[in-house]
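Below: one structure, written as structure tokens.
2 protein chains.
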Amino acid sequence: MIRFLFLLILAIVARAAAPTVVERWGIFETELRGPADGNPFVDVNLTAVFTPTGGAPSREVAGFYDGNGVYRLRFMPETVGSWSFVTHSNLPSLDAQTGKFVVTAAATNNHGPVRVRDTFHFAYADGTPFRQIGTTCYAWTHQGDALEEQTLRTLAASPFNKLRMCVFPKNYDWNKNDPPLYPFAGKPPTHWDYSRFNPSFFQHLERRIAQLGSLGLEADLILFHPYDKGRWGFDRMEATVDDRYLRYVVARLAAYRNVWWSLANEYDFMKEKTENDWDRLFQIVQRTDPHDHLRSIHNGTMLYNHTQPWVTHASIQNGAAVLDAERAVLYRDAYRKPIVFDEVKYEGDIPRRWGNLTAEELVLRFWMGTVAGTYVGHGETYLHPDDDVLWWSKGGTLRGQSPARLAFLRRVLEDSPPGGLNPIDKWQDTHTAGVPGEYYLVYFGHEKPAQWLFALHKDRVKEGDRFAVEVIDTWSMTISRTPGVFVAKKRDAYTFEDQGQKAVHLPGLPYHALRIRRLP
Amino acid sequence: MIRFLFLLILAIVARAAAPTVVERWGIFETELRGPADGNPFVDVNLTAVFTPTGGAPSREVAGFYDGNGVYRLRFMPETVGSWSFVTHSNLPSLDAQTGKFVVTAAATNNHGPVRVRDTFHFAYADGTPFRQIGTTCYAWTHQGDALEEQTLRTLAASPFNKLRMCVFPKNYDWNKNDPPLYPFAGKPPTHWDYSRFNPSFFQHLERRIAQLGSLGLEADLILFHPYDKGRWGFDRMEATVDDRYLRYVVARLAAYRNVWWSLANEYDFMKEKTENDWDRLFQIVQRTDPHDHLRSIHNGTMLYNHTQPWVTHASIQNGAAVLDAERAVLYRDAYRKPIVFDEVKYEGDIPRRWGNLTAEELVLRFWMGTVAGTYVGHGETYLHPDDDVLWWSKGGTLRGQSPARLAFLRRVLEDSPPGGLNPIDKWQDTHTAGVPGEYYLVYFGHEKPAQWLFALHKDRVKEGDRFAVEVIDTWSMTISRTPGVFVAKKRDAYTFEDQGQKAVHLPGLPYHALRIRRLP
Chain A
1 MIRFLFLLIL
11 AIVARAAAPT
21 VVERWGIFET
31 ELRGPADGNP
41 FVDVNLTAVF
51 TPTGGAPSRE
61 VAGFYDGNGV
71 YRLRFMPETV
81 GSWSFVTHSN
91 LPSLDAQTGK
101 FVVTAAATNN
111 HGPVRVRDTF
121 HFAYADGTPF
131 RQIGTTCYAW
141 THQGDALEEQ
151 TLRTLAASPF
161 NKLRMCVFPK
171 NYDWNKNDPP
181 LYPFAGKPPT
191 HWDYSRFNPS
201 FFQHLERRIA
211 QLGSLGLEAD
221 LILFHPYDKG
231 RWGFDRMEAT
241 VDDRYLRYVV
251 ARLAAYRNVW
261 WSLANEYDFM
271 KEKTENDWDR
281 LFQIVQRTDP
291 HDHLRSIHNG
301 TMLYNHTQPW
311 VTHASIQNGA
321 AVLDAERAVL
331 YRDAYRKPIV
341 FDEVKYEGDI
351 PRRWGNLTAE
361 ELVLRFWMGT
371 VAGTYVGHGE
381 TYLHPDDDVL
391 WWSKGGTLRG
401 QSPARLAFLR
411 RVLEDSPPGG
421 LNPIDKWQDT
431 HTAGVPGEYY
441 LVYFGHEKPA
451 QWLFALHKDR
461 VKEGDRFAVE
471 VIDTWSMTIS
481 RTPGVFVAKK
491 RDAYTFEDQG
501 QKAVHLPGLP
511 YHALRIRRLP
Chain B
1001 MIRFLFLLIL
1011 AIVARAAAPT
1021 VVERWGIFET
1031 ELRGPADGNP
1041 FVDVNLTAVF
1051 TPTGGAPSRE
1061 VAGFYDGNGV
1071 YRLRFMPETV
1081 GSWSFVTHSN
1091 LPSLDAQTGK
1101 FVVTAAATNN
1111 HGPVRVRDTF
1121 HFAYADGTPF
1131 RQIGTTCYAW
1141 THQGDALEEQ
1151 TLRTLAASPF
1161 NKLRMCVFPK
1171 NYDWNKNDPP
1181 LYPFAGKPPT
1191 HWDYSRFNPS
1201 FFQHLERRIA
1211 QLGSLGLEAD
1221 LILFHPYDKG
1231 RWGFDRMEAT
1241 VDDRYLRYVV
1251 ARLAAYRNVW
1261 WSLANEYDFM
1271 KEKTENDWDR
1281 LFQIVQRTDP
1291 HDHLRSIHNG
1301 TMLYNHTQPW
1311 VTHASIQNGA
1321 AVLDAERAVL
1331 YRDAYRKPIV
1341 FDEVKYEGDI
1351 PRRWGNLTAE
1361 ELVLRFWMGT
1371 VAGTYVGHGE
1381 TYLHPDDDVL
1391 WWSKGGTLRG
1401 QSPARLAFLR
1411 RVLEDSPPGG
1421 LNPIDKWQDT
1431 HTAGVPGEYY
1441 LVYFGHEKPA
1451 QWLFALHKDR
1461 VKEGDRFAVE
1471 VIDTWSMTIS
1481 RTPGVFVAKK
1491 RDAYTFEDQG
1501 QKAVHLPGLP
1511 YHALRIRRLP
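Those sequence lines, one after another, are chains A and B. With the first letter of the first sequence counted as 1, position 65 gets the number 65 in the working numbering; the numbers rise by one all the way through. So the mapping is simple: the working numbering equals the position in the second sequence, first residue as 1, plus 1000.
What follows is the structure in structure tokens.
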């Protein structure tokens, strides 16, 4: 007993002496105790202002009620050094609380949140390029621990660095099971107390998001979706409930550096909401997120106006646009933001025209999107008659042949210029992206050329520049150096060719690409 | 002499007795006399408020100085009945002048100005559909009367119902000649008094616009362009000069019902102006045009944000988008406005990659644009070594083979549903537009099918619906009815086929289309 008291005193002294330490882009969290009676979700206002020493701007952060008289504040510090905070609340017991903490440099595997870079691309906050290779498991966090942990193991071994996932459970073909947890207090299926959140639901969700982060995946969190159809009613809540829900989600989750906000999946299929509603919901997220995470919205057949200032990048469903780089590039022109084709149909075998692509066709879409200077998302819908688990909806295991090829593409991209690939000579059907004069990816898609007469658009190319050419088999995942060096010579007003008019030999098979790099 | 006085008195009495009469969407014009000294272009403010009897809203209209002490007010009345006006001016002699006139029904060939209808299409104010088949003669009004009148004769015999044309003269390859008139007082090439307009220049311009109107052509008037390169300096005037110029053009020309405002050609190639400048210039036109004519802006390689509220339709240059209906349709999705591909490369033989399409290729672009639910513009750049007159720039005569095919297309469109053609089952590579259940155009482009298995997307089709099919040879300009009737039977979740799985026979040649109409 004396020993226990001694240790306890030691612990208290240590805690008082050593300041709280959190790494840059990590999560600072503090817990406050307050009343559990009444309805803290709506009765209590709690915010805190976080201020770094040295005069950098403060950030206001909303706290949230986590049940059982526990209130929390979470914050993702974006600069190293000393920080302090002070709380504001309508409850005296939660008001004017203060604290300090120290922010240290990020660990090597922590690159911070992903931001837009150079109009059309992404990078982590530390400057590391983020080349999006996304996938989708809409309802994976609603499947119970065994399957959810299997999904995490699958993702750990996959090429994917972003996962699209819904907050709300899903009611759709191949996903009719009840979820273990619901976001609101009340009784399923429809007797909800929309004024009270279920902390257990959100504790579970945020644990899964943190686990994705530790595996290097961004969580593209879908805040609303139409796949409820009134079964629970989360697709048709009142505006005040929608707004309070968004504020609660942002207060809980904005400190997770790997969160992206996807306002909706197939927003235009949610007939209960108008475009003005979506504008309002976007602006609530923009205004309340102190960390300005990426924001977009995914369409059914009608695109949201992605030129709106609160949209950071375009999240697009279109199964045909990435069949052709000259289609895909048009969205770049229209929106001048990064373009992510988050849904391009699925590798699978279900009897839906959007769900039975071959792996070859899905991989083609990734490469076409790449040479359009855009990004593509994967999805898999193979029927599993034994367990009804389709990756697209529930997660589990991947059985398709595309992920290995996407891992290969990811390696090619990781070896590409850090500023991203942009179309070379767009609107001329060249199917080429890169950095003029330095680096080119040419993709032939379904075409089966036996040779390619070396030709580069004139931009930043000079007579005598020397280039190496490699032939990439995107399906067999091989890269072969073409012998010799190609030396630029002006051909016409638009193009340089090799001085000996040399051609690159190709095997006459589909799904091939060229990588052309300038030699020093 | 007595006889002359008698007639003069008669005329004066008649003028006093009979009210001025103008047809609906015609031009009411009144002339006021005022000072010719000082600088009336900048010293004198003159506006008038036009009010119809019966309580409909008034319109404020700017007057303009036309030289020699003459001030004019022009107005296009949009409703029949009695109208009155009262002037406002900082000059007492021009202030508080009043007048009345009567507006009668429009003549049968006067359909009013063109407006946007049903999001993606156009119609005249009287409801008549406007199916845009445009062409371009950028500098035709700067070529002198002989050539200009030849251009008008050519247009009269052409299929075109819209002409893109520049206010300012053009300094570009194959167009280096000095214009007969300049828009400002002063001395060419660069000694301009930018505070004084040249009324003769604008009188000439408006006469040409009126002549186009009488031939049934809309004048898509390009207000700025980069093809000056400092030779005269109209591409790099100060903002105050740009703004005054726009106000003067609008005051003179907005009463012409066939005017469209094209803020610029290749706006992004005018490096002296920023995007904010274009926003401002658009808003000046929007605010000062009492008749709200169509407004757009044409791009080089960077698209303007056509979602801006002051843009009525998207005017796009892209030579590749209309090679593929699934490309072209993406602009509709992004902008939700009528899409006009005003520059898609040219039928011709000049040594520029944008100026040597075959006629077949240009006609293909029109049909692809049509089945994407968009509109396309023609252009011709055949070299004329004898006179250096290329249609694209100077007008003159048409020598290409596409206009006859565009006349054929126009007849097909005139026989199509009045509400316009929209893509059927977009993003599925169907290359089909129409009205679901009623009317379909299927276009095969470069493909050479020998048969087409009858299939319609399910939207608004029922079992037993009966359809007639015609094969259209878009090049040879023939339409052949396929024998028999096709009777709809459900095939799968997306499609109806013929109940006997009957196919349509085709000749196995490119440039063919189908017209499918439901039988009563």
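Just so you know, even glycine gets a beta-carbon here, dropped at the ideal spot from N, CA and C.
Look at glutamate 1470 of chain B: its C-beta is not under 7 Å from any C-beta on chain A. The beta carbon of tyrosine 1494 of chain B sits closer than 7 Å to those of His1457 and Lys1458, all from its chain and outside the five residues before and after it, given in chain order. Of the residues assessed, glutamate 1347 of chain B falls on the buried side of the cut-off, its CB having 16 or more other CB atoms within 10 angstroms. The closest CA to that of valine 1340 of chain B, considering only B/Arg1164, B/Arg1231, B/Asp1387 and B/Val1389, is found on B/Arg1164. Cβ atoms of leucine 1409 of chain B and phenylalanine 1444 of chain B stay farther apart than 8 Å, at about 15 Å.
Non-local C-beta neighbours of glycine 1508 of chain B in its own chain, meaning closer than 8 Å and more than five positions away in sequence, comprise Lys1448, Pro1449 and Ala1450, ordered along the chain. For the region 1347 to 1361 of chain B, the beta-carbon criterion of a distance under 9 Å to any beta-carbon of chain A is satisfied by Pro1351, Arg1352 and Arg1353.
At a cut-off of 7 Å between C-beta atoms, alanine 1105 of chain B does not count as an interface residue with respect to chain A. Beta-bridge partners assigned by DSSP to alanine 123 of chain A: A/Arg115 and A/Pro129. Judged by their CB atoms, asparagine 1265 of chain B and histidine 1306 of chain B are not nearer to each other than the 7 Å cut-off.
Ranking B/Phe1184, B/Trp1392, B/Thr1051 and B/Arg1153 by CA distance to the CA of aspartate 1193 of chain B puts B/Phe1184 first. Contact fails between the region 214 to 228 of chain A and the region 39 to 46 of chain A, because fewer than three Cβ pairs, one in each stretch, are under 8 Å apart. Nearest in C-alpha terms to leucine 383 of chain A, of all of A/Arg352, A/Ala156, A/Glu23 and A/Glu31, is A/Arg352. Residue contact with chain A for glutamate 1326 of chain B: present (Cβ-Cβ distance below 7 Å to some residue of chain A). Taking C-beta separations shorter than 8 Å and ignoring five residues to either side along the sequence, the partners of glycine 1099 of chain B in its chain run Thr1020, Thr1030, Ser1084 and Phe1085, following chain order. Going by beta carbons, leucine 1519 of chain B and alanine 1468 of chain B fall inside the 7 Å limit.
For tryptophan 278 of chain A, no Cβ of chain B is located within less than 7 Å of the residue's own Cβ. The beta-carbon of glycine 420 of chain A is placed no less than 7 Å from the nearest beta-carbon of chain B.
Assignment of isoleucine 284 of chain A by DSSP, reduced to helix, strand and coil, places it in the helix class.
The Cβ atoms of leucine 94 of chain A and leucine 32 of chain A lie closer than 7 Å to each other. Close partners of alanine 1321 of chain B in chain A (Cβ separation under 9 Å): Glu326, Arg327, Leu330 and Trp427. Across the region 1307 to 1321 of chain B, CB contacts with chain A closer than 7 Å involve Thr1307, Asn1318, Gly1319, Ala1320 and Ala1321, in sequence order along the chain.
Interface with chain B (7 Å Cβ-Cβ cutoff): asparagine 265 of chain A is excluded.
Residues of chain B whose Cβ lies closer than 8 Å to the Cβ of aspartate 333 of chain A are, in chain order, Met1302 and Leu1303. For the pair proline 418 of chain A and proline 129 of chain A, the CB atoms are nearer than the 7 Å cut-off. For methionine 1237 of chain B, the secondary structure class from DSSP, reduced to helix, strand or coil, is coil. When beta bridges are read from the DSSP output, tryptophan 1260 of chain B appears opposite B/Asp1220. According to the DSSP assignment, glycine 1213 of chain B belongs to the alpha helix (DSSP H) that extends over 1199 to 1214. Under the three-state reduction of DSSP, glutamate 347 of chain A is assigned to strand. With the criterion set as a beta carbon lying under 7 Å from some beta carbon of chain B, the region 173 to 185 of chain A has no members that meet it. Beyond the five residues adjoining it in sequence on each side, serine 89 of chain A comes within less than 7 Å, by CB distance, of Val44, Asn45, Leu46 and Asp95 in the same chain, given in chain order.
Legend: CB atoms of the region 484 to 507 of chain A lying less than 9 Å from CB atoms of chain B belong to residues Asp492, Ala493 and Tyr494. Selection A/His204, A/Tyr245, A/Val376 and A/His111 evaluated against asparagine 258 of chain A yields A/His111 as nearest (Cα-Cα).
Between the alpha carbons of leucine 1421 of chain B and valine 1371 of chain B lies a distance of about 7 Å.
Take the alpha-carbon of serine 1315 of chain B and the one of proline 1309 of chain B: they are about 15 Å apart.
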